[in-house]
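Data first, discussion second: the structure below is written as structure tokens.
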Amino acid sequence: MVLNICNEEYVIKFSTRLYADGNILDEVQALSQRSDDEGIANLKPFLNCVVELVLAGLQKDKNHTDFHYDLDSEAEKKEKRLLVFDLLDEFVEGGGSIFDLFGQLTEELQTRGFLGNLSNKENNSTVAEK
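Just add 24 to wherever you are in the sequence shown, counting from 1, and you've got this note's numbering.
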């Protein structure tokens with residue numbers, strides 16, 4: 025997935041380590057199960073989840089190493105999250121929608137990389153069984 029912000033392309037790819045070490049899948053699932061009635065109560069976890077998804081996806085972007093950090097360092101991660109918040113501010117100021125971005129990121133998370141390959145194998149084995 026390529027994210028265009030201020031005429032700059034940011035490549036979003038999710039690594040296998042994201043699935044193994046992080047809790048981002050749990051956060052995405054929890055957010056998707058919340059009702060719209062919760063409104064503003066969803067905003068903080070929603071924004072944090074978007075930031076986590078963008079930051080995780082940028083770890084493989086070879087052109088934007090300023091977002092890279094030692095995955096075992098919470099201090100570095102915290103610093104890089106601030107960069108992502110700035111990036112998302114630019115995205116919104118340029119007319120982007122955080123809600124649409126969340127949808128694109130979760131689709132990318134579920135259809136490409138490790139999780140996408142896993143889903144495709146499960147779907148293919150189900151079809152083969154029939």
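Glycine included, each C-beta is placed from N, C-alpha and C at the ideal position.
Because the structure is a prediction, the values reported are computed rather than measured.
Same chain, Cβ closer than 8 angstroms to residue i, neighbours up to 5 away in sequence not counted
| i | result |
| --- | --- |
| Cys-73 | Ile-48, Glu-51, Val-52, Leu-55 and Phe-126 |
| Thr-130 | Val-52, Ser-56 and Leu-77 |
| Asp-45 | Leu-95 |
| Val-26 | Glu-33, Tyr-34, Val-35 and Ile-36 |
Among the options, the one whose alpha carbon lies nearest that of residue i
| i | options | result |
| --- | --- | --- |
| Lys-102 | Ser-39, Ala-80 and Phe-123 | Ala-80 |
| Asp-113 | Leu-71, Glu-33, Tyr-93 and Thr-40 | Leu-71 |
| Val-108 | Gln-83, Gln-128 and Glu-132 | Gln-83 |
| Ile-122 | Gln-134, Ser-39 and Lys-68 | Lys-68 |
| Asp-110 | Asp-90, Asp-124 and Arg-41 | Asp-90 |
Per DSSP, cross-strand counterpart(s) of residue i
| i | result |
| --- | --- |
| Leu-27 | Tyr-34 |
Cβ-Cβ separation, residue j to residue i (assumed contact under 8 angstroms), whole Å
| i | j | result |
| --- | --- | --- |
| Phe-115 | Ile-36 | Wrong, their Cβ atoms sit about 12 angstroms apart, outside the cutoff. |
| Phe-38 | Glu-98 | That belief does not hold up - the Cβ atoms of Phe-38 and Glu-98 are roughly 20 angstroms apart, past 8 angstroms. |
Other residues of its chain near residue i: CB distance less than 7 angstroms, five sequence neighbours each side excluded
| i | result |
| --- | --- |
| Gly-118 | Ile-29 and Cys-30 |
| Arg-105 | Val-75 and Leu-79 |
| His-92 | Gln-83 |
Can you list, in chain order, the stretches of the alpha helix (DSSP H) that have 4 or more residues and sit fully within the region 29-117?
40-45, 48-57, 67-82 and 98-117
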